[in-house]
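Scroll down for the structure; my scribbles are underneath it.
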Ligand SMILES: *[C@@H]1O[C@H](CO)[C@@H](O)[C@H](O)[C@H]1NC(C)=O
Ligand SMILES: *[C@@H]1O[C@H](CO)[C@@H](O)[C@H](O)[C@H]1NC(C)=O
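In UniProt numbering, the protein residues as written are 1 to 443.
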């Protein structure tokens, strides 16, 4: 695999490739409480986000889990549905993490739990006995993986309607993590899986009547942002919506087909399906689309003052100017927006301005943040990673099966009191103070 070439040390490509599960004979201790789903309106939860595309390569949120609740940093991944934490079960192989490992406490999910069954795809192995524990293994496209067992614990959440909820949710206790050789592991405690599958945290919150099955993120190019679950922060106008392509085998957010333009010029690339994947740092095009993109960008640079920068260690295709670049502002006159036109959705466009596909490296070069997916084994997948999802609010509506986006300032947390909830007496606080105050009383 060419990702052994260490082209992109910090790159992450988190999306699910294979699930398989095996069953061992030990017995889960948790009793199964089937929630009474209430499909009422539900509230919303907002999480501040921290991270960047370069140099860190990922965005994370802090979730409080357990009793008493402890904080964990989770990488936001709209490319997989399983949430897992590095776990002292005990841990066979864990990567350096910002917090102490999560300690499971007799809270195993039983094999016959419907959410365990949803994990068994595609193998769908029957349980040997209903009391078996529910083992999982998730392998990501970059060949990183987590192996562990499903458990259930409480996730105290402060809802924007002022209430505190303490739902018990199912997630993975990961006791054996592999990180691809060439990558530095992200400095997180686990992954927050956000695809539309039953197992995803948002689907579970929806099942318990706490939020709608809708989520959104707003990732700032300056390194902050926010993530929300629920419908309250979705703007009522200006959002452009495109139906998700439904593919039962793939629980990913796939849109298309699209035609690719550079500025207003056709690149000749048509029929491109794209995956919205916040678990991937950069974007990836399949071989033909990548080739066409590279050709048209290079052709357009002809006669301009940019020279190939072959010595840049960060990314494979870079250019340098007369003096080092400090920000995207310095290069925006050299590049045009890439445009994805959704030909079966009223020609709606997703604009990727230079900041959505270029990186200014520490050496002051400008590098292409769209990579050759065929080279890293992604086959025909085209992935829009963090770089291309930044500086927009991107909304995944799993109820209406559509994805929307709208230009947004992601630097400041939404003031849910002023911006979204007329007359609410509870101002939205980004910190956990209020939540922590409530926890002892309510949980
Ligand atoms: C807030 O929303 C939750 C979830 O729908 C609900 O259970 C709770 O009663 C609501 N609280 C208020 C104050 O409306
Ligand atoms: C992309 O990768 C494939 C597979 O390694 C390779 O055959 C192709 O030449 C690459 N495309 C470009 C433009 O580098």
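Glycine included, every Cβ here is placed at the ideal spot set by N, Cα and C.
Since we're looking at a predicted model, the values are computed, not measured.
Judged by DSSP in its simplified three-state form, residue 114 adopts helix. Residue 152 is not a Cβ neighbour of residue 195, given a cutoff of 8 Å. Taking 8 Å as the upper bound for CB-CB distance, residue 163 and residue 43 are in contact here, some 7 Å apart. Note: residue 306 is not bridge-paired with any residue in the DSSP secondary-structure output.
Given a length threshold of 4 residues, each whole run of the alpha helix (DSSP H) inside the region 169-246 is given here in chain order: 201-207.
Here residue 345 is actually not in contact with residue 235; their C-beta atoms are around 19 Å apart, not less than 8 Å.
A straight-line Cα-Cα distance of about 34 Å links residue 364 and residue 193. Between residue 58 and residue 75, the C-beta spacing is below 8 Å. The closest CA to that of residue 338, considering only 264, 328, 383 and 313, is found on 264. With at least 16 other beta carbons inside 10 angstroms of its own, residue 197 counts as buried. Rounded to whole angstroms, the separation of the alpha carbons of residue 300 and residue 333 is 11 Å. Fewer than three beta-carbon pairs drawn from the region 143-161 and the region 286-305 are found closer than 8 Å, and the two stretches are therefore not classed as touching. Counting along the chain, the unbroken alpha helix (DSSP H) around residue 288 starts and ends at 287-301. Relative to residue 147, the option among 113, 105, 90 and 118 whose CA is nearest is 90. For the set 246, 210 and 241, the Cα lying nearest the Cα of residue 232 is the one of 210. Only residues of its own chain outside the window of five on either side were considered, and among them 196 and 213 have a CB closer than 6 Å to the CB of residue 398, listed in chain order. At least one heavy atom of ligand 2 sits closer than 7 Å to the Cβ of residue 291. A Cβ-Cβ distance of about 13 Å is found for the pair residue 389 and residue 284, leaving them out of contact under the 8 Å criterion. Judged by DSSP secondary structure, residue 411 falls outside any alpha helix (DSSP H); it is assigned neither H nor E. If you look at residue 75, you'll find it in the beta strand (DSSP E) that goes 70-77. In this structure residue 309 does not touch residue 326 by the C-beta definition: roughly 15 Å separates them, more than the 8 Å allowed. Judged by beta-carbon spacing, residue 189 lies within the 8 Å limit of residue 73, meaning their Cβ atoms are closer than that value. Residue environment analysis places residue 322 among the exposed positions, since fewer than 16 neighbouring C-beta atoms fall within 10 angstroms of its C-beta. Of all C-beta pairs linking the region 132-151 to the region 106-119, three or more are shorter than 8 Å, placing the two stretches in contact.
Under the three-state reduction of DSSP output, residue 370 falls in the strand class. Counting C-beta pairs closer than 8 Å gives fewer than three between the region 406-416 and the region 86-104, which falls short of the contact rule. Within 10 angstroms of the beta-carbon of residue 268 lie fewer than 16 other beta-carbons, which makes it exposed.
Residue 95 and residue 179 do touch by the CB rule: their CB atoms are close to 6 Å apart, below 8 Å.
With 16 or more other Cβ atoms from the protein chains shown falling within 10 Å of its own Cβ, residue 203 counts as buried. Check the Cα spacing between residue 393 and each of 141, 355, 60 and 240: the tightest is with 240. Of the other Cβ atoms in all chains shown, 16 or more fall within 10 Å of the Cβ of residue 78; this residue is therefore buried.
Linking residue 387 to residue 128 through their CA atoms gives a straight-line distance of about 44 Å. Among the bridge pairs identified by DSSP, residue 52 is matched with 58. The DSSP assignment places 338-342, 348-352 and 358-360 as complete runs of the beta strand (DSSP E) inside the region 324-364, in order along the chain (cut-off: 3 residues).
Within 10 angstroms of the beta-carbon of residue 181 lie fewer than 16 other beta-carbons, which makes it exposed.
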